[in-house]
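Visitor:
Number of protein chains: 2
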Amino acid sequence: MEPRVSDVGVLDKALVLLSAVEAEPLALAGLVAATGIARPTAHRLAVALEVHGMLRRDEDGRFRLGPRAIALGRAASAAYPFRDAAGPALAALRDATGESAQLYVREGDRRICLASLESPHGLRTIVDAGASLPLEFGSAGAVLLGDPTALARGWAESVGQREAGVASVSAPVFDGDRVIAAVGVSGPIERLTRQPGTKYGPAVMAAARRVEQALRGS
Amino acid sequence: MEPRVSDVGVLDKALVLLSAVEAEPLALAGLVAATGIARPTAHRLAVALEVHGMLRRDEDGRFRLGPRAIALGRAASAAYPFRDAAGPALAALRDATGESAQLYVREGDRRICLASLESPHGLRTIVDAGASLPLEFGSAGAVLLGDPTALARGWAESVGQREAGVASVSAPVFDGDRVIAAVGVSGPIERLTRQPGTKYGPAVMAAARRVEQALRGS
DNA sequence: GATTGTCGTCTCACATAATGAGATAGTCAA
DNA sequence: TTGACTATCTCATTATGTGAGACGACAATC
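One line per chain: the protein sequences are A and B, in this order. Following the UniProt record's numbering, the numbering of the first sequence begins with 1 at its first residue and continues without gaps. Following the UniProt record's numbering, the numbering of the second sequence begins with 1 at its first residue and continues without gaps.
(1) In chain order, what residues of the same chain have a beta carbon less than 6 Å from the beta carbon of residue 94 of chain B, not counting five sequence neighbours either side?
(2) Quick check: what's the CA-CA separation for residue 30 of chain A versus residue 74 of chain A?
(3) With 16 as the cutoff for other CB atoms within 10 Å, does residue 165 of chain A come out buried or exposed?
(4) Roughly how far, in whole angstroms, is the beta-carbon of residue 27 of chain A from the beta-carbon of residue 61 of chain A, given that I think they are within contact range, below 8 Å?
(5) Please determine if the region 8 to 28 of chain B and the region 36 to 50 of chain B are in contact, where contact requires at least 3 C-beta pairs separated by less than 8 Å.
(6) Starting from residue 107 of chain B, find everything on chain A with Cβ-Cβ shorter than 7 Å and list it in chain order.
(7) In terms of residue numbering, what span does the beta strand (DSSP E) encompassing residue 172 of chain B cover?
(8) For residue 10 of chain B, go through chain A and note every residue whose CB falls closer than 7 Å to its CB, in chain order.
(9) Considering only DSSP beta bridges, list what residue 158 of chain A is partnered with.
(10) On a CA-only basis, which of A:68, A:107 and A:115 is nearest residue 87 of chain A? Give me that one, please.
(11) Here's the rule I'm using: 16 or more other beta-carbon atoms within 10 Å means buried, otherwise exposed. How should residue 10 of chain A be labelled?
(12) For residue 56 of chain A, I'd like the list of residues in its chain whose CB is within less than 8 Å of its CB, leaving aside the five on either flank, ordered along the chain.
(13) Taking a cut of 9 Å between CB atoms, which residues from the region 118 to 151 of chain A lie near chain B?
(14) Thinking C-alpha only, which one of B:6, B:5 and B:46 is nearest residue 12 of chain A?
(15) Can you pull out the residues from the region 71 to 85 of chain A whose beta carbon lies closer than 7 Å to at least one beta carbon of chain B?
(16) Assuming contact is defined by CB atoms lying nearer than 7 Å, are residue 143 of chain A and residue 168 of chain A in contact in what I supplied?
(17) Do residue 103 of chain B and residue 181 of chain B have their C-beta atoms within less than 7 Å of each other?
(18) Grab me the residues of residue 110 of chain B's own chain with a C-beta within less than 6 Å of its C-beta, minus the 5 sequence neighbours each way, in chain order.
(19) Between the beta-carbon of residue 106 of chain B and the beta-carbon of residue 187 of chain B, is there less than 7 Å?
(20) What residue ranges within the UniProt domain "IclR-ED" (68 to 217) of chain A form continuous beta strand (DSSP E) runs of no fewer than 3 residues, ordered along the chain?
(21) Nearer than 6 Å: is that true of the beta carbon of residue 143 of chain A relative to any heavy atom of the ligand MN?
(22) When you compare the CB of residue 112 of chain B with every CB in chain A, is at least one pair closer than 7 Å?
(23) Taking the C-alpha atoms as reference points, what is the distance between residue 69 of chain A and residue 25 of chain B?
(24) Measuring alpha carbon to alpha carbon, tell me which residue in B:172, B:162, B:80 and B:183 is nearest residue 135 of chain B.
(25) Between residue 24 of chain A and chain B, is there a C-beta pair that is closer than 7 Å?
(26) Tell me the DSSP secondary structure of residue 64 of chain A in three-state form.
(27) Applying the 10 Å Cβ sphere with the 16-neighbour rule, what's the burial state of residue 210 of chain A?
(28) With a cut-off of 7 Å, does the C-beta of residue 209 of chain A fall near any C-beta of chain B?
(29) Tell me which residues share the same chain as residue 21 of chain B and place their Cβ nearer than 7 Å to its Cβ, disregarding the 5 neighbours each side in the sequence.
(30) Chain A partners of residue 14 of chain B, CB-CB under 7 Å?
(31) Taking its Cβ as the centre, do 16 or more other Cβ atoms sit within 10 Å of residue 33 of chain A, making it buried, or is it exposed?
(32) Would you mind telling me which residues of chain A sit closer than 7 Å to residue 68 of chain B, beta carbon to beta carbon, in chain order?
(33) Grab the span of the alpha helix (DSSP H) containing residue 44 of chain B for me, first residue to last.
(34) With DSSP as the reference, please indicate the residues paired to residue 56 of chain B in a beta bridge.
(35) Apply the 10 Å Cβ neighbour rule to residue 112 of chain A and answer buried if 16 or more other Cβ atoms are within range, or exposed otherwise.
(36) Counting C-beta neighbours from all protein chains within 10 Å, is the total for residue 83 of chain B 16 or more, i.e. buried, or is it exposed?
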């Protein structure tokens with residue numbers, strides 16, 4: 001079995017089950033195979049999660065994420081009211097650049113991806129909404145850390161920092177003087193070049209302005 | 001403490017904690033007060049949920065739903081690809097009627113609210129996204145059960161069925177010949193009248209057609 | 001400045017909740 | 001008909017989770 005993640009073993013197992021089902025719907029046998037949890041244990045925990053609505057069973061008997069997960073996810077997202085307002089700006093940015101677009105906020109020493117739209121290109125970066133990433137790597141991190149150069153120029157760029165072969169550029173979203181989010185694009189260095197800021201700086205700044213405008217309209 | 005909900009006491013407690021935080025951000029003391037869980041237990045479980053990303057602490061030390069909840073919620077929603085596609089149609093329906101608008105799918109003998117937009121009126125119905133409701137009450141239930149009258153007419157209506165004082169009307173969303181969802185509005189009988197179908201049947205049917213069209217465009 | 005109350009966090013003796021091996025029943029393909 | 005595999009259930013065992021109490025920090029009050 002997995003090593004202990006927290007001080008509560010039952011929660012460790014339950015979250016492992018949820019993660020397994022997040023990836024794909026799984027029958028009990030699949031859950032056991034994917035998680036290494038003993039069959040009766042996986043069964044008991046999965047049924048308990050079902051009782052709570054975090055999981056549900058489809059017509060083939062496979063476990064899927066359930067309505068409570070939707071509700072909790074929406075409640076979690078509600079803490080970021082500009083997340084929905086940013087939707088059109090993010091879509092326009094993705095369409096204008098053809099690259100994957102993301103919106104991040106800062107949480108302590110991490111950054112959380114609130115919204116993520118993928119590029120239509122076969123080769124593209126994928127960041128899951130809800131993903132938690134370190135601040136010290138990537139253009140969005142620099143923006144959220146209040147990097148003076150980024151704030152003066154209106155964008156930050158990174159090349160191969162968080163992941164080899166990946167470049168990104170992000171712009172700060174302001175509320176008054178405060179940086180409340182970073183909006184940007186990321187993709188392969190081959191397309192974004194080693195100066196992604198030169199290429200897409202204006203586009204991410206325009207997207208950031210649109211997010212701010214959408215916020216004011218709220 | 002709460003009576004047992006499932007066969008796994010730790011999960012019962014953990015979900016109680018998540019529900020408490022879903023309602024409002026809470027410091028540890030607030031969690032203890034809201035849930036009745038012993039302080040060291042609430043602390044240990046909350047910290048474990050934090051380790052897993054289901055909870056996070058804000059700058060005031062209060063617990064809030066965390067990034068993993070966002071991610072799981074989105075993954076859960078992804079099982080319903082038309083949910084996002086339905087967004088504009090739902091917004092248009094809410095705007096055209098001035099009433100709360102919802103999108104439901106059927107899950108066994110229940111219906112799940114996938115998306116919900118609230119009326120601007122002070123008096124309005126509120127259904128949480130993710131909520132699970134019985135099929136046998138309400139216009140959406142009739143639609144999802146394949147009620148012949150609803151299918152022939154293109155909408156179903158209910159007055160005071162699920163809740164006193166509330167009326168609703170819903171239309172089926174088809175994929176080919178199959179009813180895959182119900183889209184509708186609900187609100188107080190005073191505004192929707194005792195014949196909500198007469199008043200808003202065309203609007204909910206139009207919304208259903210728009211959802212289907214958005215689906216084809218996907 | 002001292003005292004008190006409340007907070008979050010930690011410890012650990014103890015009780016019990018959770019575990020998982022094995023049993024059972026159902027399904028399905030060979 | 002048989003064997004393999006599934007999901008579900010039981011229950012002896014024990015490892016885990018519990019929560020009273022302790023501790024330190026901090027704010028409010030006197």
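Glycine included, every Cβ here is placed at the ideal spot set by N, Cα and C. As the structure is a computational prediction, the values presented were derived from the model and not from experiment.
Guide: Answer, in terms of the structure:
(1) Closer than 6 Å at the Cβ level, and outside the excluded window around residue 94 of chain B, lie 101 and 117.
(2) 28 Å
(3) exposed
(4) Correct: roughly 6 Å between the Cβ atoms.
(5) yes
(6) 56
(7) DSSP places residue 172 of chain B in the uninterrupted beta strand (DSSP E) bounded by 166 to 175.
(8) 8, 10 and 11
(9) Note: residue 158 of chain A sits in a beta bridge opposite A:168.
(10) Of A:68, A:107 and A:115, the residue nearest in Cα terms is A:115.
(11) Under this definition residue 10 of chain A is a buried residue.
(12) 50, 63, 64, 65, 66 and 67
(13) Residues passing the 9 Å Cβ filter: 128, 129, 130, 131 and 132.
(14) B:46
(15) 71, 72, 73, 74, 75, 76, 77 and 79
(16) no
(17) yes
(18) 132
(19) no
(20) Whole beta strand (DSSP E) segments, 3+ residues: 100 to 107, 110 to 117, 132 to 134, 156 to 159, 166 to 175 and 178 to 188.
(21) Ligands are entirely absent from the displayed structure, and the ligand MN is therefore not among its contents.
(22) yes
(23) Rounded to whole angstroms, residue 69 of chain A to residue 25 of chain B spans 18 Å at the Cα level.
(24) B:162
(25) no
(26) In the structure shown, residue 64 of chain A sits in a strand (DSSP, three-state: E or B).
(27) buried
(28) no
(29) 55, 63, 64 and 65
(30) 11
(31) exposed
(32) 130
(33) 39 to 51
(34) B:64
(35) The residue is buried, with at least 16 neighbouring Cβ atoms inside 10 Å.
(36) buried
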